[in-house]
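Here's the structure, in structure tokens; my notes come after.
2 protein chains.
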Amino acid sequence: MTVTLADVAARAQVSPATVSRVLNGNYPVAATTRERVLRAVDELDYVLNGPASALAAATSDLVGILVNDIADPFFGIMASAIQAEIGGPGGRAGGERLAVVCNTGGSPERELTYLTLLQRQRAAAVVLTGGAVEDAPHAAAVAAKLRKLADAGTRVVLCGRPPAPDTGAIALTFDNRGGGRELTEHLIGLGHRRLGYIAGPEERTTTRHRLEGHRAALEAHGITEDPGWTVHGRYDRQSGYEATLELLRRDPSLTAVVAANDSVALGACAALRDSGLRIPEDVSVAGFDDLPFSIDAVPSLTTVRLPLSEAGARAGRIAMGREEPPPGEIATIRGELMVRGSSGGPRK
Amino acid sequence: MTVTLADVAARAQVSPATVSRVLNGNYPVAATTRERVLRAVDELDYVLNGPASALAAATSDLVGILVNDIADPFFGIMASAIQAEIGGPGGRAGGERLAVVCNTGGSPERELTYLTLLQRQRAAAVVLTGGAVEDAPHAAAVAAKLRKLADAGTRVVLCGRPPAPDTGAIALTFDNRGGGRELTEHLIGLGHRRLGYIAGPEERTTTRHRLEGHRAALEAHGITEDPGWTVHGRYDRQSGYEATLELLRRDPSLTAVVAANDSVALGACAALRDSGLRIPEDVSVAGFDDLPFSIDAVPSLTTVRLPLSEAGARAGRIAMGREEPPPGEIATIRGELMVRGSSGGPRK
DNA sequence: AGCGTCACAGCAAGCGCTTTCTATCGGATA
DNA sequence: TATCCGATAGAAAGCGCTTGCTGTGACGCT
Numbered sequence: 001m002t003v004t005l006a007d008v009a010a011r012a013q014v015s016p017a018t019v020s021r022v023l024n025g026n027y028p029v030a031a032t033t034r035e036r037v038l039r040a041v042d043e044l045d046y047v048l049n050g051p052a053s054a055l056a057a058a059t060s061d062l063v064g065i066l067v068n069d070i071a072d073p074f075f076g077i078m079a080s081a082i083q084a085e086i087g088g089p090g091g092r093a094g095g096e097r098l099a100v101v102c103n104t105g106g107s108p109e110r111e112l113t114y115l116t117l118l119q120r121q122r123a124a125a126v127v128l129t130g131g132a133v134e135d136a137p138h139a140a141a142v143a144a145k146l147r148k149l150a151d152a153g154t155r156v157v158l159c160g161r162p163p164a165p166d167t168g169a170i171a172l173t174f175d176n177r178g179g180g181r182e183l184t185e186h187l188i189g190l191g192h193r194r195l196g197y198i199a200g201p202e203e204r205t206t207t208r209h210r211l212e213g214h215r216a217a218l219e220a221h222g223i224t225e226d227p228g229w230t231v232h233g234r235y236d237r238q239s240g241y242e243a244t245l246e247l248l249r250r251d252p253s254l255t256a257v258v259a260a261n262d263s264v265a266l267g268a269c270a271a272l273r274d275s276g277l278r279i280p281e282d283v284s285v286a287g288f289d290d291l292p293f294s295i296d297a298v299p300s301l302t303t304v305r306l307p308l309s310e311a312g313a314r315a316g317r318i319a320m321g322r323e324e325p326p327p328g329e330i331a332t333i334r335g336e337l338m339v340r341g342s343s344g345g346p347r348k
Numbered sequence: 001m002t003v004t005l006a007d008v009a010a011r012a013q014v015s016p017a018t019v020s021r022v023l024n025g026n027y028p029v030a031a032t033t034r035e036r037v038l039r040a041v042d043e044l045d046y047v048l049n050g051p052a053s054a055l056a057a058a059t060s061d062l063v064g065i066l067v068n069d070i071a072d073p074f075f076g077i078m079a080s081a082i083q084a085e086i087g088g089p090g091g092r093a094g095g096e097r098l099a100v101v102c103n104t105g106g107s108p109e110r111e112l113t114y115l116t117l118l119q120r121q122r123a124a125a126v127v128l129t130g131g132a133v134e135d136a137p138h139a140a141a142v143a144a145k146l147r148k149l150a151d152a153g154t155r156v157v158l159c160g161r162p163p164a165p166d167t168g169a170i171a172l173t174f175d176n177r178g179g180g181r182e183l184t185e186h187l188i189g190l191g192h193r194r195l196g197y198i199a200g201p202e203e204r205t206t207t208r209h210r211l212e213g214h215r216a217a218l219e220a221h222g223i224t225e226d227p228g229w230t231v232h233g234r235y236d237r238q239s240g241y242e243a244t245l246e247l248l249r250r251d252p253s254l255t256a257v258v259a260a261n262d263s264v265a266l267g268a269c270a271a272l273r274d275s276g277l278r279i280p281e282d283v284s285v286a287g288f289d290d291l292p293f294s295i296d297a298v299p300s301l302t303t304v305r306l307p308l309s310e311a312g313a314r315a316g317r318i319a320m321g322r323e324e325p326p327p328g329e330i331a332t333i334r335g336e337l338m339v340r341g342s343s344g345g346p347r348k
């Protein structure tokens, strides 16, 4: 029914071992023999049996990429960059690896299950992107899993995620705290003193770090934060819309709104407009990430640009063993403040 | 070193066969035995060897999702919906399947290679999303591959992609032609007579169908199209920006610009604004897809909404055998015209 | 001429699991 | 009490491939 290595061997009049060696190309095979084998492969339309190969060789060519939300360009862009480096087909040199993107939906359980699934497949490498959930037991479970993966020879890389000490994982971390601080300082510099903050979901490292940066900036400038100035929500547009309405309700005198990310900021803009407020004349708005659409918002969004593509590419190369891990196995990647039209001096 | 089935069996004092049966749960095992085995699995922290299992059982739990550009929300949204249904971990019932997203980058070769890789992994199902490349030899190669996959028992579903006759693939197709026509008719209805069109890359089914719809509308209303009114480009914002500038150069009297998709439309809006033109007073703009950010554009984008999530979910269910394929194995999914602020009557 | 050296090719032993077929055992039935 | 049957458990044969080790001629060296 299906063509096997043995069939090819028979056709080429060589042993299965030879066919295997031709296909894997890590053992001397005479040119004429190789030629003959290749022809047989072609004629028979042979396709290697992945599982069998992985079993025998005790390795597979699967590389897992875990993302929190594949529908979010933040992850899409990183995944794309990672995958480009992993190779998949068309990548640069190296064996062909199947880079697979796994969507955890931000759920700790799914994250764990995917890791198990990848472990089960004996993945060659795993890249985890984006913020982690801070729930202690879960974090411990993930750490344990990562260690096990690393021990089993799977290269583990964290991209845009805080380091996981003692797991053997390489971490490329975004400086969310620094970015958050810089952003808010920019606003304060413009004269804002009453700033609302729309945070992401609680218990997420990204959420916490950005918020900490924001608060550090406030504190550094002697601004006492009103507890009502912070609202938590999801990392999407709708959440930003609702949260902004809530902020306005709590304190109509706010002159600036800082959002957890660009999507949230867009929702905030919509809410402000719907409330009859002008941006930035009445209220300034700032986002985070600098996703492609942010520059097209009207006014264009002041935000912190994160080098998503570059970080992803680097993570991909490290996962493939094509680039040295950073010293200490941890690298911090800084964002860049992008001042655009959505931020300006406060009214009055 | 690694824990195997045999280790678990030894620990639980049963045969490997029994352990396997407990794990797969399709054979009667006494409750107490099962209990004992499960405990051993737990204590040993056993993880099934996927390749070995796939080899022995001649099936795997991998499901491939091919997308043209994972950084594009169009695909991200579909992939997300598909994956949610495939299960992956956390999906509803059914065995746990590893839904993997493969990024072809729109390249025919990579598409083919990914299909081979999935075939090699003996994937349980494959979902191909988005438009296909129209290059004849390539189309034939893909068709052949799909047939082979289907023959090997892999369920093949096309989502947002034209049918592939005689391949055994189920197709859920978007009515791009109808949507394109409706959109342009809306513009014509507003009084526009000189409409620019920014098409996607040539040789893509999606590009062609949308353009055909546009032209059908023009023709139906007796409008003779100027050859300079159409510009081809990529499906991204920058391309839209450049193409719009080009259109304006060719014919400054255009009163409307129809874009291949929303990202392109956003780029078009930016170019128009930068050229000192107001939307829609001077030029109306229309997009396609209705991605989440489209409603936040200023003015919000008139576009054709495609039920990406719904289609993806359905494709996922069909791929899992959880929903009946449509009669004739082909279903056409219509878009819905969303009239918003970016379209209005022409000036004068 | 004699023999170590290469360069290749084949043998065969698994890799860790699934699954068919074959026991086994405690009733239930006659 | 002898027989049969359903419910379980085990033995063992692979699944298709990789790879360490073992030939085996052809060469080149002394």
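Protein chains in written order, with UniProt numbering: chain A, 1 to 348; chain B, 1 to 348.
Each residue gets a CB set at the ideal place from its N, CA and C atoms; glycine is no exception.
What residues in its chain sit with their C-beta under 7 Å from that of A:ARG314, if we drop five residues either side in the sequence? Your numbering for residue 314 of chain A matches position 314 in the first sequence. Excluding sequence positions up to five before and after A:ARG314, its CB lies within less than 7 Å of the CB of LEU172 and GLU323, all in the same chain and listed in chain order.
Under 9 Å between the Cβ atoms of B:ARG79 and A:ILE70? Against the second sequence, residue 79 of chain B aligns to sequence position 79. Against the first sequence, residue 70 of chain A aligns to sequence position 70. The sequence given here has Ala at residue 79 of chain B, not Arg. Result yes, Cβ atoms of B:ALA79 and A:ILE70 sit closer than 9 Å.
Which two residues bound the contiguous beta strand (DSSP E) that contains B:TYR197? On the second sequence, residue 197 of chain B is found 197 positions in, with the first residue counted as 1. Note, B:TYR197: beta strand (DSSP E), 195-199.
Does the beta carbon of B:ASN49 come closer than 9 Å to any beta carbon on chain A? Within the second sequence, the letter at position 49 stands for residue 49 of chain B. Among the CB atoms of chain A, one or more fall inside 9 Å of the CB of B:ASN49.
What residue range does the alpha helix (DSSP H) around A:ASN176 cover? If you number the first sequence from 1, residue 176 of chain A lands on position 176. Taken as a continuous stretch (DSSP letters only), the alpha helix (DSSP H) holding A:ASN176 covers 176-189.
DSSP puts B:SER284 in a beta bridge; with which residues? Within the second sequence, numbered from 1, the residue matching residue 284 of chain B stands at position 284. DSSP output for B:SER284 lists B:ALA256 as bridge partner(s).
Cutoff 9 Å: A:SER20 Cβ touching any chain B Cβ: Position 20 of the first sequence holds residue 20 of chain A. Not flagged as an interface residue toward chain B: A:SER20, since no C-beta distance is shorter than 9 Å.
Output needed in chain order: residues of the region 277-295 of chain A with a Cβ under 7 Å from some Cβ in chain B. For the region 277-295 of chain A, the set of positions with a beta-carbon nearer than 7 Å to some beta-carbon of chain B reads PRO292 and PHE293 in chain order.
How would you label B:ASP166, buried or exposed, when you count the other beta carbons within 10 angstroms and need 16 or more for buried? As a first step, residue 166 of chain B must be located in the second sequence, where it is residue number 166. The residue is exposed, with fewer than 16 neighbouring Cβ atoms inside 10 Å.
Do the region 208-216 of chain A and the region 237-244 of chain A make contact, defined as three or more Cβ pairs closer than 8 Å? Between the region 208-216 of chain A and the region 237-244 of chain A there are fewer than three inter-stretch CB-CB distances shorter than 8 Å, so the stretches are not counted as touching.
Helix, strand or coil at A:HIS232 [DSSP, three-state]: As a working mapping, residue 232 of chain A is identified with position 232 in the first sequence. A:HIS232: strand per DSSP, three-state reduction.
Would you report the Cα separation of A:GLU310 and A:ALA81, rounded to the nearest angstrom? Within the first sequence, residue 310 of chain A is the residue found at index 310, counting from 1. Within the first sequence, residue 81 of chain A is the residue found at index 81, counting from 1. Rounded to the nearest angstrom, the two C-alpha atoms are 7 Å apart.
Three-state class that DSSP yields for residue 355 of chain B in the structure shown: Because residue 355 of chain B is not part of the residues shown, which for chain B are 1 to 348, the question remains open.
Could you tell me whether the Cβ of A:CYS159 comes closer than 9 Å to any Cβ of chain B? Numbered from 1 along the first sequence, position 159 holds the residue referred to as residue 159 of chain A. It does not; no Cβ of chain B falls within 9 Å.
Between the alpha carbons of B:LEU245 and B:ALA271, how many angstroms are there, rounded? In the second sequence, the residue the question calls residue 245 of chain B occupies position 245. In the second sequence, the residue the question calls residue 271 of chain B occupies position 271. Taking the straight line from one Cα to the other gives about 6 Å.
Where the beta strand (DSSP E) containing A:ASN261 begins and where it ends: As a working mapping, residue 261 of chain A is identified with position 261 in the first sequence. No beta strand (DSSP E) contains A:ASN261, which DSSP labels as neither H nor E.
Within the 9 Å Cβ cut-off, does B:PHE75 reach chain A? In the second sequence, residue 75 of chain B corresponds to position 75, counting from 1. Interface criterion met: the Cβ of B:PHE75 is under 9 Å from a Cβ in chain A.
Euclidean distance between Cα positions of B:ASN68 and B:VAL304: Mapped onto the second sequence, residue 68 of chain B falls at position 68. Mapped onto the second sequence, residue 304 of chain B falls at position 304. Spanning the two alpha carbons is a distance of roughly 20 Å.
Do you know offhand how far A:SER253's Cα is from A:ALA164's? As a first step, residue 253 of chain A must be located in the first sequence, where it is residue number 253. As a first step, residue 164 of chain A must be located in the first sequence, where it is residue number 164. Per the coordinates, the alpha-carbon of A:SER253 lies some 41 Å from the alpha-carbon of A:ALA164.
Please classify B:GLY228 as buried or exposed, where buried requires at least 16 other C-beta atoms within 10 Å of its C-beta. By 1-based counting over the second sequence, the position of residue 228 of chain B is 228. By the 10 Å Cβ count, B:GLY228 comes out exposed.
Of all Cβ atoms in chain B, is any one closer than 9 Å to the Cβ of A:ASN26? Position 26 of the first sequence, counted from the first residue, corresponds to residue 26 of chain A. No - not a single Cβ of chain B is within 9 Å of the one on A:ASN26.
Buried or exposed by the 16-neighbour rule on C-beta atoms within 10 Å, applied to B:THR224: Along the second sequence, read from residue 1 onward, the residue named residue 224 of chain B stands at position 224. With fewer than 16 other Cβ atoms within 10 Å, it is exposed.
Which residues in chain B sit within 8 Å of A:ARG122, going by Cβ to Cβ distance? Your numbering for residue 122 of chain A matches position 122 in the first sequence. Within chain B, the C-beta atoms nearer than 8 Å to that of A:ARG122 come from ASN49, GLY50 and PRO51, in chain order.
Interface residues of chain B facing A:ARG237 [CB-CB closer than 9 Å]: Residue numbering aside, residue 237 of chain A sits at position 237 when the first sequence is read from its first letter. Listed along chain B, the residues sitting closer than 9 Å to A:ARG237 by beta-carbon distance are PRO292, PHE293, ILE295 and ASP296.
From the DSSP secondary-structure annotation, give me the bridge partner or partners of B:ASN103. In the second sequence, residue 103 of chain B corresponds to position 103, counting from 1. Paired residue(s): B:VAL67.
CA-to-CA distance, B:ARG273 to B:HIS192, given in whole angstroms: Here residue 192 of chain B corresponds to residue number 192 of the second sequence, with the count starting at 1. Here residue 273 of chain B corresponds to residue number 273 of the second sequence, with the count starting at 1. C-alpha separation (whole angstroms): 19 Å.
Cβ of B:ILE198 within 9 Å of any chain A Cβ: Taking the first residue of the second sequence as position 1, residue 198 of chain B is located at position 198. Closer than 9 Å: no.
What are the residues that DSSP puts in a beta bridge with A:GLU324? Your numbering for residue 324 of chain A matches position 324 in the first sequence. Note: A:GLU324 sits in no beta bridge, so no partner.
Going by the beta-carbon positions, is the gap between A:ARG249 and B:GLY50 smaller than 9 Å? As a first step, residue 249 of chain A is located in the first sequence; it is residue number 249 there, counting from the start. As a first step, residue 50 of chain B is located in the second sequence; it is residue number 50 there, counting from the start. Cβ atoms of A:ARG249 and B:GLY50: not closer than 9 Å.
Would DSSP call B:VAL29 helix, strand or coil? Along the second sequence, read from residue 1 onward, the residue named residue 29 of chain B stands at position 29. In the three-state DSSP reduction, B:VAL29 falls in the coil class, being neither helix nor strand.
Is there contact here, the region 319-333 of chain A with the region 286-293 of chain A, by at least three beta-carbon pairs under 8 Å? They do not touch, by the three-pair rule.
Cut-off 6 Å between Cβ atoms - residues of its own chain near B:VAL22, not counting five sequence neighbours on either side: Taking the first residue of the second sequence as position 1, residue 22 of chain B is located at position 22. Hits under 6 Å: VAL29, ARG34 and VAL37.
Got a sec: is the Cβ-Cβ distance from A:THR154 to anything in chain B below 9 Å? Taking the first sequence and counting its residues from 1, the one referred to as residue 154 of chain A is at position 154. Not an interface residue.
For the candidate residues B:PRO137, B:GLY130 and B:ILE86, whose alpha-carbon lies nearest to that of B:PHE174? Translated into the one-based positions of the second sequence, residue 174 of chain B becomes position 174. Relative to the Cα of B:PHE174, the nearest Cα in the group B:PRO137, B:GLY130 and B:ILE86 belongs to B:GLY130.
For A:ALA268, count neighbouring C-beta atoms within 10 Å of its own C-beta (all shown protein chains included) and say buried if the count is 16 or more, exposed if not. By 1-based counting over the first sequence, the position of residue 268 of chain A is 268. Burial is judged here by how many other beta carbons sit within 10 angstroms of a residue's own beta carbon; A:ALA268 has at least 16 and is buried.
Where does B:GLU336 fall in DSSP's three states? On the second sequence, residue 336 of chain B is found 336 positions in, with the first residue counted as 1. Assigned with DSSP and collapsed to three states, B:GLU336 falls in strand.
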